[in-house]
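Numbered by my numbering, the letters in the sequence shown go through residues 181 to 614 in order.
The beta-carbon is built from N, C-alpha and C at its ideal position, and this holds for glycine as well.
Contents: one structure, followed by commentary.
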Amino acid sequence: MATLQAVTGMNDLLPGDGQGARWQRLETTFRESCRRYGFAEVRTPLCEYVELFQRGVGETTDIVEKEMYTFEDRGGRRLALRPEGTASAVRAALEHSVLAREPVTRWFYVGPMYRAERPAKGRYREFFQVGVEVYGDGSPAVDAEVIDLAASFFRDLGLTQFKVRLNSIGGPETRARYRDALVAHFAPHRDSLSPESQARLERNPLRILDSKDPRDHGPREGAPSILDALTDDDRAHFERVQAFLTALGVPFVVDPTLVRGLDYYTRTVFEVVDTSGALGAQDTLCGGGRYDQLFTELGSAAPVPAFGFGAGIERLLLSAPAVDAAKPFRVAVVAAAKADESATLAGVLCLARELRAAGIETLVDTRFASMKSQMRRANDLAATVVLVLGGNEIASGMVSMKIMATGEQRSVARAALRDELAQVQRAATTTGAP
Ligand code: HAM
181 MATLQAVTGM
191 NDLLPGDGQG
201 ARWQRLETTF
211 RESCRRYGFA
221 EVRTPLCEYV
231 ELFQRGVGET
241 TDIVEKEMYT
251 FEDRGGRRLA
261 LRPEGTASAV
271 RAALEHSVLA
281 REPVTRWFYV
291 GPMYRAERPA
301 KGRYREFFQV
311 GVEVYGDGSP
321 AVDAEVIDLA
331 ASFFRDLGLT
341 QFKVRLNSIG
351 GPETRARYRD
361 ALVAHFAPHR
371 DSLSPESQAR
381 LERNPLRILD
391 SKDPRDHGPR
401 EGAPSILDAL
411 TDDDRAHFER
421 VQAFLTALGV
431 PFVVDPTLVR
441 GLDYYTRTVF
451 EVVDTSGALG
461 AQDTLCGGGR
471 YDQLFTELGS
481 AAPVPAFGFG
491 AGIERLLLSA
501 PAVDAAKPFR
511 VAVVAAAKAD
521 ESATLAGVLC
531 LARELRAAGI
541 ETLVDTRFAS
551 MKSQMRRAND
561 LAATVVLVLG
571 GNEIASGMVS
581 MKIMATGEQR
591 SVARAALRDE
601 LAQVQRAATT
611 TGAP
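Right, here's the structure in full:
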């Protein structure tokens, strides 16, 4: 029978190749960054009603038009695997009236997202994001503070080669003005645009600016800049964001072509791109911005200003330097007994449990084959110390201890074992061996 494979674009993470430890470190670093900036974790379901993303992310976005995993459940409800976290978090905040209790809410999340994109290095169909969202604060200081959080998180991960791209796409008034200017610009080029952009020309011409279709690149040249269309209020907001970022020492470049691929943004948008070259074409580590209209789009009676970002874990790991994990301190307990000597084997299990209760990683080859094969297994599993226990040791309250790096072997009283192990561990961490 043919063996089965994982779904295209979805990855297994196997223990043993060091990747698990790198993911854990990344998540720990992110959680620590969030704690310092006063964010708390929210968890929402992996799937939502399709309508949430249609209304939230936008009908004319790539995500909604062609990338969502949608299906009907047994009750005939139309569901989607979440393609991103922002719409779900706003849905949860509204559903649980969170703003009534917490007028300025700061949430973070970590989890898988699903988009049926063409798989490539750094672009997957199941990928993981870390993200943060702030609700209830429309001030430009929040924009700068959250961008600062992203940059400081990346630095804590050891990233040095990245760049913050910043733009403002204004509020509804700016967008209406800009829309007219864009339609006027693209209309004479209508026939040379991709069919998708022709269809979007009247409905959402901003999308033509982030189209990946090469047919749209020529007509895009000479398109008006959104910065020229900003209202006075939008311009003042944008200038203050830049001033705060400068005061915080976060370098950025203003890029008027940055529009982002989701419809909910207003005013500030930003991306952090990798400049090390490690990611090839998929070099956007993180994207986000302000979305002051999304709460009302999703049914809120009162408008709620909001700002956030999402960053792809796989991409961050491709970009972050590989830090070697410290070698773990690991003990193996070996039975000097035959497989039917239950009392001794039970003694081995009890000793292992005692050490585990003391926080020590302890391994037992419970197949209990010959002592030689148990020793070989301990060696293969890179045990730092092997303890041998037989009937005689149990009777005398002793255990035989072998330090694998040096081959040194001695008999230790059970009562002194924990201290002896602590000494070996200290020596291992200070000398780098065993
Ligand atoms: P996004 O730009 O669609 O924004 O995604 C954010 C990040 O997720 C990207 O910069 C990238 O690192 C990662 N990413 C996206 N698609 C893939 C993929 N197919 N494979 C691997 N990584 C990927 C959002 O999702 C917004 N919800 C961000 C946000 C939060 N805006 C405000 N709050």
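Check                                                                                                                                                                       : Outcome
Considering just the uninterrupted stretch of the beta strand (DSSP E) at Tyr229, what are its terminal residues?                                                           : Cys227 to Tyr229
Assuming Ile349 and Arg447 form a contact by the criterion Cβ under 8 angstroms, report the distance between their Cβ atoms to the nearest whole angstrom.                  : 7 angstroms
Run the proximity test for Phe334: is its beta-carbon closer than 7 angstroms to any non-hydrogen atom belonging to the ligand HAM?                                         : no
Cβ-heavy atom distance between Ala223 and the ligand HAM below 7 angstroms?                                                                                                 : The residue you asked about is not Ala; residue 223 is Arg in the sequence shown. Not under cutoff, so the answer is no.
With DSSP as the reference, label Met584 as helix, strand or coil.                                                                                                          : coil
Keeping to the same chain, check which residues put their C-beta closer than 8 angstroms to that of Phe288; ignore five residues upstream and five downstream.              : Phe210, Arg211, Cys214, Phe219, Ala220, Glu221, Val222, Val310, Gly311, Val312 and Glu313
Hey, Phe489 and Arg470: beta-carbon distance below 8 angstroms or not?                                                                                                      : no
According to the neighbour-count rule (16 or more other Cβ atoms, all chains shown, within 10 Å of its Cβ), is Ala538 buried or exposed?                                    : exposed
Please give the ranges of any beta strand (DSSP E) in the region 485-524, keeping only runs that are unbroken, at least 3 residues long and fully inside the region.        : 486-492 and 510-516
Would you check if there are 3 or more beta carbon pairs closer than 8 angstroms linking the region 187-200 to the region 297-305?                                          : yes
In this structure, how does DSSP classify Thr609 when only helix, strand and coil are distinguished?                                                                        : helix
Mind checking whether Ala563 and Val604 have CB atoms under 8 angstroms apart?                                                                                              : no
Is Thr609 near the ligand HAM - that is, is its Cβ less than 7 angstroms away from at least one heavy atom of it?                                                           : no
Put Gln358 into one of helix, strand or coil per three-state DSSP.                                                                                                          : Per the sequence shown, residue 358 should be read as Tyr rather than Gln. Three-state result, Tyr358: helix.
So Arg420 and Pro320 are in contact, right, with Cβ under 8 angstroms, and what is the actual spacing, rounded?                                                             : 4 angstroms
Have a look at Tyr315 and Phe424 and give me their C-alpha separation to the nearest angstrom.                                                                              : 19 angstroms
Give the DSSP bridge partners of Tyr294, in chain order.                                                                                                                    : Glu306
Select from Val326, Gln185 and Glu477 the residue whose C-alpha is nearest the C-alpha of Gln234.                                                                           : Glu477
Does DSSP classify Asp393 as helix, strand or coil?                                                                                                                         : coil
Would you mind stating whether Leu337 and Ala500 have Cβ atoms separated by less than 8 angstroms?                                                                          : yes
Cα separation between Arg257 and Asp242?                                                                                                                                    : 23 angstroms
State the start and end residues of the unbroken beta strand (DSSP E) segment that holds Glu541.                                                                            : Glu541 to Val544
In chain order, what residues of the same chain have a beta carbon less than 6 angstroms from the beta carbon of Val568, not counting five sequence neighbours either side? : Val514, Ala516 and Ser580
Report, in whole angstroms, the separation of the C-beta atoms of Ala331 and Val344, which I expect to be a contact under 8 angstroms.                                      : 6 angstroms
Give a single yes or no on whether Gln309 has its beta carbon closer than 7 angstroms to a heavy atom of the ligand HAM.                                                    : yes
In this structure, does DSSP put Gly311 in helix, strand or coil?                                                                                                           : strand
Given that a residue counts as buried once 16 or more other Cβ atoms are within 10 Å of its Cβ, and exposed if not, what is Ser405?                                         : exposed
Would the beta-carbon of Tyr304 be found less than 7 angstroms away from any heavy atom of the ligand HAM?                                                                  : yes
Which two residues bound the contiguous alpha helix (DSSP H) that contains Thr266?                                                                                          : Thr266 to Glu275
Taking the C-alpha atoms as reference points, what is the distance between Pro431 and Asp560?                                                                               : 48 angstroms
Taking buried to mean at least 16 other C-beta atoms within 10 Å of its own C-beta, is Val565 buried or exposed?                                                            : buried
Give a yes or no on whether the C-beta atoms belonging to Arg357 and Ser374 are separated by under 8 angstroms.                                                             : no
List the residues that DSSP assigns as beta-bridge partners of Phe342.                                                                                                      : Asp454
What would DSSP say about Val439, mapped onto helix, strand or coil?                                                                                                        : coil
Is Thr446 helix, strand or coil when you go by DSSP?                                                                                                                        : coil
Run the proximity test for Glu297: is its beta-carbon closer than 7 angstroms to any non-hydrogen atom belonging to the ligand HAM?                                         : yes
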